[in-house]
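Asker: I am attaching a structure below and will ask some questions about it afterwards.
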Ligand SMILES: NC(=O)c1ccc[n+]([C@@H]2O[C@H](COP(=O)([O-])OP(=O)(O)OC[C@H]3O[C@@H](n4cnc5c(N)ncnc54)[C@H](OP(=O)(O)O)[C@@H]3O)[C@@H](O)[C@H]2O)c1
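In this note's numbering, the protein residues as written are 2 to 299.
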């Protein structure tokens with residue numbers, strides 16, 4: 002199967018790339034240079050916002066499945082740069098969806114727990130998204146584009162992603178925290194924000210499964226545990242051997258430039274547990290899986 006993936010240089014894209022077996026002919030679309038050298042991975046470095054070049058590249062590749070993982074995923078950046086966020090997160094999605102429709106390709110779109118405003122968590126796939134921030138609103142716009150397709154589509158709403166990059170770098174909160182802990186600096190984490198973290202390895206596996214199976218519709222890719230971010234980070238720090246003083250509860254409303262964050266956007270994953278062969282994990286098992294995967298890759 003020929004899989005075209007955008008955002009290949011990112012945190013989530015890296016997990017998909019690292020785990021895509023020989024049954025996949027992967028075409029990685031990225032602004033950056035190739036990050037993997039494997040026979041089944043073809044790298045396309047281009048400016049994806051030059052839509053004419055993007056469209057001719059996608060048509061030349063001729064994918065069976067498009068996994069649109071790219072987005073500006075920085076919530077504060079999106080709030081402060083709304084035109085840019087709209088162009089990347091909405092207009093680019095519209096182009097990718099149109100290319101999928103033109104070819105009859107399966108379209109897998111990554112959305113976010115921030116699609117919800119956090120007032121009525123935990124959320125199921127049947128709940129109506131209303132976001133608390135601009136990033137979330139761009140992702141909901143993407144959901145609407147994907148779910149209007151006549152060709153098979155998936156909207157995978159993803160919880161906060163826990164882990165370290167398997168390929169490349171990108172938006173890993175744990176990488177940022179580890180860099181601080183290594184310097185002996187404490188990290189501030191809001192205890193008021195409730196999430197259902199998913200580990201990056203399980204997420205990559207689930208996305209590959211959704212790329213290759215017949216499921217259509219909304220699905221929540223989240224972990225089995227619902228907890229506040231401070232407890233989450235304390236558990237990770239303890240497992241990695243960092244002292245608990247390096248995790249400090251903070252009040253996010255004090256932080257200048259911080260976009261509104263939803264309070265409880267935990268996602269119920271019963272549909273994923275029913276539909277997917279990939280087991281969804283809790284925090285401890287997810288973290289062990291990430292550590293073991295990185296050990297076996299090094
Ligand atoms: N990480 C999370 O906790 C989380 C949670 C919920 C949902 N998600 C969703 O998961 C998807 C992947 O996120 P991620 O965590 O992997 O984020 P990431 O590490 O920031 O990767 C996103 C990728 O999108 C592309 N991109 C970003 N800004 C761009 C721009 N201005 N112009 C062109 N391309 C741009 C880049 O791909 P290249 O580097 O290849 O050019 C980038 O690496 C996104 O759709 C995000 O909304 C993430």
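Even glycine gets a Cβ: it sits at the ideal position worked out from N, Cα and C. Keep in mind the model is a prediction, meaning the values are calculated, not measured.
Any idea which residues DSSP pairs residue 42 with across the strands?
Answerer: 27
Asker: Please confirm whether residue 237 and residue 281 have their CB atoms less than 9 Å apart.
Answerer: no
Asker: Considering Cα atoms alone, identify which of 199, 145, 183 and 7 is closest to residue 116.
Answerer: 145
Asker: Could you name the residues that DSSP lists as bridge partners for residue 229?
Answerer: 195
Asker: Between which two residues does the alpha helix (DSSP H) harbouring residue 218 extend?
Answerer: Here residue 218 belongs to no alpha helix (DSSP H); instead the beta strand (DSSP E) covers 218 to 222.
Asker: Quick one, which of 7, 258, 157 and 39 has its alpha-carbon nearest residue 21's?
Answerer: 39
Asker: How about the region 46 to 56 and the region 225 to 237: do they share at least three Cβ pairs that are nearer than 8 Å?
Answerer: no
Asker: Inspect the CB distances between the region 84 to 98 and the region 63 to 72 and report whether three or more fall short of 8 Å.
Answerer: yes
Asker: Exposed or buried, residue 171, counting other C-beta atoms within 10 Å across all chains shown (16 or more means buried)?
Answerer: buried
Asker: Hey, would you say residue 106 sits closer than 9 Å to residue 157, going by beta carbons?
Answerer: No. Outside cutoff.
Asker: How long is the line joining the alpha carbons of residue 182 and residue 134, rounded to whole angstroms?
Answerer: 29 Å
Asker: Buried or exposed: which applies to residue 127, given that a residue is buried once 16 or more other Cβ atoms fall within 10 Å of its Cβ?
Answerer: Residue 127 comes out exposed.
Asker: Run the proximity test for residue 171: is its beta-carbon closer than 8 Å to any non-hydrogen atom belonging to ligand 1?
Answerer: yes
Asker: Short of 6 Å in beta carbon distance, which residues of its chain neighbour residue 210, apart from the five on each side in sequence? Order them along the chain.
Answerer: 277 and 279
Asker: Compute every distance between the C-beta of residue 203 and the non-hydrogen atoms of ligand 1, then say whether any falls below 8 Å.
Answerer: no
Asker: For ligand 3, any of its heavy atoms closer than 8 Å to the Cβ of residue 50?
Answerer: Among the ligands present in this structure, namely ligand 1, ligand 3 is not found.
Asker: Taking residue 291 as part of the beta strand (DSSP E), name the residues at either end of that continuous run.
Answerer: Unbroken run through residue 291 is the alpha helix (DSSP H), 284 to 298; no beta strand (DSSP E).
Asker: Rounded to whole angstroms, what is the Cα-Cα separation between residue 216 and residue 155?
Answerer: 7 Å
Asker: Verify whether the separation of the beta carbon atoms of residue 26 and residue 4 is less than 9 Å.
Answerer: yes
Asker: Please list the terminal residues of the continuous beta strand (DSSP E) segment that includes residue 3.
Answerer: 3 to 7
Asker: Helix, strand or coil, according to DSSP, for residue 281 in the structure here?
Answerer: Correct three-state label for residue 281: coil.
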